[in-house]
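In the numbering used here, the protein residues as written are 6 to 480. Before any comments, here is the structure.
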Ligand SMILES: Cc1cc2nc3c(=O)[nH]c(=O)nc-3n(C[C@H](O)[C@H](O)[C@H](O)COP(=O)(O)OP(=O)(O)OC[C@H]3O[C@@H](n4cnc5c(N)ncnc54)[C@H](O)[C@@H]3O)c2cc1C
């Protein structure tokens, strides 16, 4: 079924004369672009495949029971409820036609076509298993709320299963946790599992000693936190050792299965680590939308799927298309939140200036505000310009910066409360793991094609045009 194109502004008012801005992605790039257009007379359609804005840097705290998923993932439409020029729509973008200037999104079998005058693409990146996608079943990544909840179930579940196991080898396997990737996410994850085992769960079990859990952080590279430089990387490695994390560097993962992980060391030796819980924190792959745009515009796409943008973040021959954040490749900028935030704001300003008939801006310049990673409670490393911090000072900096960027007063308030419970006390208030969280993804994957069919939830031939959400009844 197809309906004629129709434009509907936020609040249901038609405003045919206002330029239509479509923004793909409710992450840092997309959300900050929307906010920067709050006072610009445009009609924005924000399309996201989830209904929340996700603060990815704190996913590891959801996975280890410190924070709830709601605290790091507020509903996007709630965040934007006062911004009248934006319509927020749930949908996965499956097509962009740069000639017709349309974006097609789909959710539960309902397909919607959104015409645009200006397009900002901020669809981010997913996990990369470097061509070994079958590892994902046994070693979930850390990219979404689903990942974090599944990992939470696996981590807490491993201790439960160890408590009822009778064979020592099986207990050892259940109490071994391997984190692959010694970048900030891997370091934070390994540090938190160590604290969970040695502090939080210390008195909770009768038959096992959670403190005896083995936590291994491994990486094929020769350093921990390579982007922080040798001094801070070394400091982080020593701190991890102190809290009982085994750091294994120069260790390439060659296989992952249900019972463990196979590793090849730099001397060519192969070895196996028996471990029930494996976590993949290595490698990213940009959204497929980058490749789709590359094919249509001729822009180069690198091996990680990032699309090369011009110095004003647009695509060659398409000043109306900006690509920002983790999806874009420009001057080897890192895939961090600030690149996405500043890119989103830059794209929004470019649109406003064009509408006002002003001169375009100078080329995009990233202002590096620094980077930081926590290792354990009260200990972190941070690099701000030429200054390097470590220990408690870095941890306080980390605390302040993360609170500043968590969206919404309510989330900030409860986050402080839960941090007090975890950092000053021993508790973790989010230890629930449902069966669906632990087994849901595996069960769906085993359904194979039947799962794909159930995902679309109905006939695919319903196409609505004009971005009019009123045509899309709930499934
Ligand atoms: C575990 C983890 C920890 C991190 N820690 C830090 C940190 O400490 N500091 C830091 O600076 N950075 C950190 N990062 C990186 C940072 O989160 C990213 O650089 C940033 O989120 C990129 O913003 P983005 O808008 O490009 O993409 P994202 O924030 O990933 O947003 C992409 C959005 O697009 C949506 N989307 C994707 N495909 C489609 C589609 N086809 N249709 C519709 N919507 C789609 C997604 O649902 C999502 O809402 C971390 C990342 C992870 C995963």
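Quick reminder that beta carbons are idealized off the backbone N, C-alpha and C, glycines included.
Taking just the CA atoms, how far does residue j sit from residue i?
| i | j | result |
| --- | --- | --- |
| residue 131 | residue 97 | 14 Å |
| residue 22 | residue 122 | 11 Å |
| residue 412 | residue 79 | 7 Å |
| residue 325 | residue 351 | 13 Å |
| residue 87 | residue 40 | 10 Å |
| residue 55 | residue 36 | 13 Å |
| residue 6 | residue 220 | Low confidence applies to residue 6: its pLDDT is 34, below 50, so where it sits in the model is not reliable enough to give any reading. |
| residue 382 | residue 178 | 27 Å |
| residue 289 | residue 331 | 9 Å |
| residue 81 | residue 57 | 5 Å |
| residue 197 | residue 65 | 8 Å |
| residue 186 | residue 261 | 14 Å |
| residue 228 | residue 273 | 18 Å |
| residue 389 | residue 335 | 21 Å |
| residue 257 | residue 143 | 17 Å |
| residue 374 | residue 152 | 28 Å |
| residue 175 | residue 159 | 15 Å |
| residue 346 | residue 329 | 8 Å |
| residue 286 | residue 84 | 29 Å |
| residue 314 | residue 294 | 14 Å |
| residue 47 | residue 337 | 32 Å |
| residue 148 | residue 362 | 40 Å |
| residue 99 | residue 320 | 19 Å |
| residue 340 | residue 169 | 42 Å |
| residue 188 | residue 232 | 8 Å |
Which residue comes first and which comes last in the beta strand (DSSP E) that contains residue i?
| i | result |
| --- | --- |
| residue 107 | 107 to 112 |
| residue 5 | The question about residue 5 has no answer here: the residues shown for the chain are numbered 6 through 480. |
| residue 324 | 323 to 328 |
| residue 92 | 91 to 95 |
| residue 385 | 384 to 389 |
| residue 260 | 256 to 261 |
| residue 119 | 115 to 120 |
| residue 305 | Careful: residue 305 lies outside any beta strand (DSSP E) and carries neither H nor E. |
| residue 282 | 282 to 285 |
| residue 27 | 25 to 29 |
| residue 213 | Counting along the chain, residue 213 falls outside any beta strand (DSSP E), and DSSP gives it neither H nor E. |
| residue 379 | 376 to 381 |
Note the first and the last residue of the continuous alpha helix (DSSP H) segment covering residue i.
| i | result |
| --- | --- |
| residue 246 | 234 to 247 |
| residue 452 | 440 to 452 |
| residue 398 | 396 to 410 |
| residue 296 | 294 to 302 |
| residue 155 | 150 to 169 |
| residue 360 | 342 to 360 |
| residue 40 | 33 to 41 |
| residue 199 | 189 to 200 |
Answer with buried or exposed for residue i, where buried requires no fewer than 16 other C-beta atoms within 10 angstroms of its C-beta.
| i | result |
| --- | --- |
| residue 450 | exposed |
| residue 9 | Because residue 9 sits at a pLDDT of 33, beneath the cut-off of 50, its placement in the model cannot be relied upon, and the following sentence gives the value as read from the coordinates. By the neighbour-count rule (16 or more Cβ atoms within 10 Å), residue 9 is not buried but exposed. |
| residue 61 | buried |
| residue 3 | In the structure as shown, the chain begins at 6 and stops at 480. Residue 3 is therefore absent and cannot be evaluated. |
| residue 368 | exposed |
| residue 422 | exposed |
| residue 18 | No answer about residue 18 holds up, because its pLDDT of 40 lies below 50 and its placement is not dependable. |
| residue 241 | buried |
| residue 206 | buried |
| residue 211 | exposed |
| residue 69 | buried |
| residue 303 | exposed |
| residue 173 | exposed |
| residue 136 | exposed |
| residue 71 | buried |
| residue 475 | Because the pLDDT at residue 475 is just 34, under 50, the model does not fix this residue reliably, and the point stays unresolved. |
| residue 427 | buried |
| residue 89 | exposed |
| residue 236 | exposed |
| residue 488 | As displayed, the chain neither begins before 6 nor continues past 480, which places residue 488 out of reach and without an answer. |
| residue 365 | exposed |
Between residue i and chain D, is there a C-beta pair that is closer than 8 Å?
| i | result |
| --- | --- |
| residue 195 | Protein chains in the displayed structure number just one, and chain D is not present. |
Alpha helix (DSSP H) runs wholly inside the stretch 58 to 82, at least 4 long, in chain order:
64 to 68, 74 to 77
Could you tell me which uninterrupted alpha helix (DSSP H) segments, each at least 4 residues in length, are contained entirely in the stretch 413 to 439, listed from first to last along the chain?
414 to 424
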